[in-house]
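So the structure is just underneath, and the comments pick up after that.
This is how it looks when you write it as structure tokens:
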């Protein structure tokens, strides 16, 4: 699987900017409801309509509480919108057992609706700040719940990013463990363009960005521009070429 750039728009216009800029995955989210804030189904469907079929679509169930039934119903709804990926932020989950159980039910709800949809279990690098499950347990959680992806983001958007909470060695171990289970890896978390080459060397499969693609680097009040996305895409492509040469 080639390295993919995931860009997170909030509406159709931003989605078109991301598409024109060269994003591989359009990830619909609502930053007003948190780092993995869920959008509305009609917005996801409208973005699906303007997104070419050769570009994949993703959405999030939100930063979820420990309510497996409620989240399973949300998962079923998300699976009906035409997306290729669905992410679940394990925000209100404190233990591995809780996280595995909720993700097992999310996976069942989604796969029963459309078995082709890829499911991501998402933890938070700064889990200690919000009391959620240890991010280094996410590969094991994703494997036991039969997800397709293990992902890490950041919960608190205050200028600190993924590398402030997890070292390069920890991230490399995360990637290697996840790949060892036969799953894919997605990394995000207030990343900037200067962080991208280091991520590429880790062998990650998907890099997720919003703030870096927005005007003034502002994920909440800024707007995604094709110029910013094009620059990010070029950095990723160049880093991927260098990685391929080393292999």
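Residue numbers (this note's numbering): -1 to 245. Idealized CB from N, CA, C, for every residue including glycine.
Next item on the list: Report the rounded CA-to-CA distance for residue 53 versus residue 66, giving the unit in angstroms.
Entry: 31 Å
Margin query: Which residue wins for smallest C-alpha separation from residue 112, given the options 76, 205 and 24?
Written below: 76
Note to self: So, does the region 101 to 118 touch the region 82 to 89, judging by three or more C-beta pairs under 8 Å?
What the structure shows: yes
Notebook entry, point to check: What is the rounded straight-line gap between the Cα of residue 13 and the Cα of residue 36?
Noted result: Rounded to the nearest whole angstrom, the C-alpha separation of residue 13 and residue 36 is 16 Å.
Item checked: Reduced DSSP category for residue 86 - H, G, I as helix; E, B as strand; rest coil -> strand
Item checked: Three CB pairs or more closer than 8 Å across the region 55 to 63 and the region 87 to 96 -> yes
Notebook entry, point to check: In chain order, what residues of the same chain lie with their CB nearer than 6 Å to the CB of residue 169, ignoring the 5 residues before and after it?
Noted result: 200
Next item on the list: In the DSSP assignment, find the unbroken beta strand (DSSP E) run with residue 122 in it and report its ends.
Entry: 116 to 122
Item checked: Three-state secondary structure (DSSP) of residue 145 -> coil
Next item on the list: Below 6 Å CB to CB, which residues in the same chain sit around residue 22 once its five sequence neighbours on both sides are set aside?
Entry: 2 and 3
Checklist line | Beta carbon of residue 7 nearer than 9 Å to that of residue 152 | finding: no
Notebook entry, point to check: Cβ of residue 24 within 8 Å of any heavy atom in the ligand HEM?
Noted result: Summarising the ligand content, the structure contains no ligands, and the ligand HEM is consequently not present.
Check: Whose C-beta lies closer than 6 Å to the C-beta of residue 164 among residues of the same chain, with five residues either side of it excluded?
Finding: 123
Notebook entry, point to check: According to the Cβ coordinates, are residue 234 and residue 198 closer than 9 Å?
Noted result: yes
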